[in-house]
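Protein sequences, first through last, are from chains Y and B. If you're matching positions, the first sequence starts at 8 in my numbering and goes up one per residue. If you're matching positions, the second sequence starts at 8 in my numbering and goes up one per residue. To start, the structure under review is shown below, and the notes come after it.
Number of protein chains: 2
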Amino acid sequence: MDKSGYRILLVDDEEDILEILSFNLDREGYQVFTATNGQEALEVAARQQPHLILLDVMMPEMDGMETCGELRKLPGMEKTIIVFLTARGEDYSQIAGFDAGADDYLVKPVKMKVLLKRVEVLLRRREQVPKKSPGAADRSSGSIVLDRDRYLVIRKGEKLAFPRKEFELLALLLSWPGKVFSREEIFDKVWGNEVIVGDRTLDVHIRKIREKLGPGYIHTVKGVGYKLEEKED
Amino acid sequence: MDKSGYRILLVDDEEDILEILSFNLDREGYQVFTATNGQEALEVAARQQPHLILLDVMMPEMDGMETCGELRKLPGMEKTIIVFLTARGEDYSQIAGFDAGADDYLVKPVKMKVLLKRVEVLLRRREQVPKKSPGAADRSSGSIVLDRDRYLVIRKGEKLAFPRKEFELLALLLSWPGKVFSREEIFDKVWGNEVIVGDRTLDVHIRKIREKLGPGYIHTVKGVGYKLEEKED
DNA sequence: TAAATTTTCATTAATTTTTCCTGAACTGTA
DNA sequence: TACAGTTCAGGAAAAATTAATGAAAATTTA
């Protein structure tokens with residue numbers, strides 16, 4: 008990940024903390040900005056348009072949550088990642104529960120390694136630019152996308168309704184396109200290790216999925232299992 | 008298998024589960040350690056250097072996948088076996104996919120017997136150290152590569168589908184390019200010592216492989232066995 | 001209760017695995 | 001060199017395994 012393309016805003020009333028965080032994030036390659044209070048945070052944020060904001064909850068005058076609410080109102084800041092920094096012992100229910108609009112929160116004291124990792128993960132998640140690594144096992148699928156909330160399978164924009172078992176099965180295959188999943192593995196992951204169903208059951212589900220997706224997606228590897236692959240033969 | 012030589016780390020935020028797993032694994036003879044959150048897991052792992060880590064995906068603060076990523080970064084932990092414990096219905100693409108770096112995952116509820124078996128198998132698998140012959144070609148260096156996950160044989164970038172027996176046979180030969188495998192050895196490794204098949208069976212499989220790979224790969228050493236070699240005559 | 005979903009079952013189909021037979025290549029020997 | 005005795009390759013096909021299919025029963029859901 009090229010970190011130099013990311014702007015991070017740190018907001019804390021303690022200069023010491025700002026300095027430590029700043030030092031470490033800077034060393035990682037991020038562009039770092041700081042603010043020591045809510046008001047300042049809003050100004051810097053508006054000007055710099057950071058990708059991620061680390062916000063201390065406990066601050067005088069305008070606290071983290073209020074600042075967060077204000078930040079969210081700024082143009083282009085609706086999707087900025089806002090992470091709360093909170094001291095241990097503060098009321099989690101208040102922090103985790105409220106809808107001030109934070110994306111995540113960290114409990115102080117935070118190990119720097121953890122914080123850096125979290126920042127990285129959050130940025131990457133928001134990045135959502137699925138790159139293709141040539142040659143390597145590409146686990147992001149091409150034309151098939153799952154909508155787990157609605158139990159929909161979207162293939163080339165077309166929405167297909169899938170019943171639960173079929174959906175779960177497809178989801179499993181899709182979780183690693185190309186990988187051959189053995190029957191055992193499929194039963195284990197889709198049905199669970201409690202339930203025991205006949206071998207033909209799986210065949211039938213595979214057939215149903217094939218009927219909906221059309222041919223060329225699910226391939227049988229006789230004696231081994233099934234795999235999903237879009238391009239191949 | 009002497010289980011007392013293995014250290015297993017259990018990570019789950021639910022104490023009950025930890026207790027049950029701990030009890031059972033302990034009874035099997037493993038050395039068991041526990042942690043109730045990702046942070047603790049990292050600390051214990053760093054100190055105890057476990058051989059296998061059972062990691063619940065759903066945990067507060069730092070979830071299993073994130074923890075996994077962190078664990079992988081610890082020194083000497085690159086090859087530790089990490090197994091995810093996941094509830095059925097969770098997004099497979101999140102669990103199996105992504106580069107969290109898990110070796111396997113189990114779906115809850117897991118039968119204890121299943122879990123113990125899986126642990127045993129995984130530990131044993133990791134035990135086998137692939138032997139290298141000094142002068143021989145490395146299996147990855149040649150133009151033939153096996154992709155076990157996809158069950159494909161890749162020869163000069165070209166993907167070839169191999170049926171099971173042929174795949175296993177080729178895998179054996181490829182495990183030590185240049186070495187001559189005796190018929191006896193091949194039958195033992197590929198068919199297992201219980202199954203008894205005629206001598207001609209092997210010839211036929213070799214022929215099939217030759218048909219697919221083309222000549223120049225598998226060489227017959229009359230009266231001794233077969234070997235795979237890419238360069239020689 | 002009807003509709004949809006999931007599972008089973010009997011058959012059929014396809015592929016894989018194995019056997020068998022013929023002949024070529026090689027080995028050692030008279 | 002010619003002769004038996006092995007050992008393996010190649011063609012063809014039987015045997016066995018495994019999966020696809022059609023239809024229907026069982027189960028769950030709406």
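Positions of the beta carbon are idealized from the N, C-alpha and C atoms, including for glycine.
The beta carbon of residue 230 of chain B sits closer than 8 Å to no other beta carbon from its chain once the five residues preceding and following it are set aside. Around the beta-carbon of residue 173 of chain Y, 16 or more other beta-carbon atoms lie within 10 Å, marking it buried. The beta carbons of residue 59 of chain Y and residue 90 of chain Y sit closer together than 8 Å. The segment 155 to 167 of chain Y makes no contact with the segment 75 to 95 of chain B; the number of CB pairs closer than 8 Å stays below 3.
As computed with DSSP, residue 226 of chain Y is found in a beta bridge with Y:234. Taking the Cα positions, residue 13 of chain Y is about 34 Å away from residue 186 of chain Y. When the beta-carbon positions are compared, residue 212 of chain Y and residue 176 of chain Y come within less than 8 Å of each other.
Shown here, residue 202 of chain B sits in coil according to DSSP, grouped into three states, outside any helix or strand.
When C-beta distances to chain Y are compared with 7 Å, every residue of the segment 210 to 223 of chain B stays at or above that value. Among the CB atoms of chain B, one or more fall inside 8 Å of the CB of residue 231 of chain Y.
In the assembly as shown, residue 120 of chain B is an exposed residue. Its beta-carbon has fewer than 16 other beta-carbons within 10 Å.
Closest option to residue 20 of chain Y, judged by alpha-carbon separation, among Y:65, Y:36, Y:161 and Y:56: Y:65.
For residue 14 of chain Y, the enclosing beta strand (DSSP E) begins and ends at 14 to 18.
DSSP places residue 165 of chain B in the strand class (E or B) of the three-state scheme.
If you ignore the 5 residues before and after residue 123 of chain Y, its C-beta comes within less than 8 Å of the C-beta of 31, 32 and 35, all in its own chain and listed in chain order.
Straight through space, the alpha carbons of residue 15 of chain Y and residue 129 of chain Y are spaced by roughly 12 Å. Within chain Y, the C-beta atoms nearer than 8 Å to that of residue 118 of chain B come from 200 and 201, in chain order.
Taking a contact as a CB-CB distance under 8 Å, the pair residue 49 of chain B and residue 92 of chain B does not count as one, their CB atoms being some 17 Å apart. Between residue 126 of chain Y and residue 63 of chain Y, the C-beta spacing is not below 8 Å. Under DSSP, the beta-bridge partners assigned to residue 89 of chain Y are Y:60. Nearest neighbour of residue 159 of chain B by Cα position, chosen from B:232, B:220 and B:28, turns out to be B:220. Residue pairing from DSSP leaves residue 27 of chain B without any beta-bridge partner. Membership of residue 196 of chain B in any alpha helix (DSSP H) is not indicated, and neither H nor E is assigned to it by DSSP. A Cβ of chain Y is located within less than 8 Å of the beta carbon of residue 170 of chain B.
Of Y:155, Y:75 and Y:190, the smallest CA-CA separation from residue 44 of chain Y is found for Y:75. Residue 157 of chain Y counts as exposed, since fewer than 16 other beta carbons sit within 10 angstroms of its beta carbon. According to the DSSP assignment, residue 41 of chain Y belongs to the beta strand (DSSP E) that extends over 38 to 42. Between the beta-carbon of residue 72 of chain B and that of residue 46 of chain B there is about 15 Å, and that puts the pair past the 8 Å contact cut.
Boundaries of the beta strand (DSSP E) harbouring residue 153 of chain Y: 151 to 154, taken from the DSSP string. Residues of the segment 32 to 60 of chain Y with a Cβ closer than 9 Å to any Cβ of chain B: none. One Cα belongs to residue 193 of chain Y, the other to residue 112 of chain B, and the distance between them is close to 12 Å. Relative to residue 131 of chain B, the option among B:88, B:232, B:207 and B:234 whose CA is nearest is B:88. Contact annotation for residue 114 of chain B against chain Y: 195, 196, 199 and 200 [CB-CB distance below 8 Å, chain order]. Residues 158, 159, 160, 177, 216 and 219 of the same chain have their beta carbon placed closer than 8 Å to that of residue 169 of chain B, with the five preceding and five following residues left out of the count. When DSSP reads this structure, residue 111 of chain B sits in a beta bridge with B:90.
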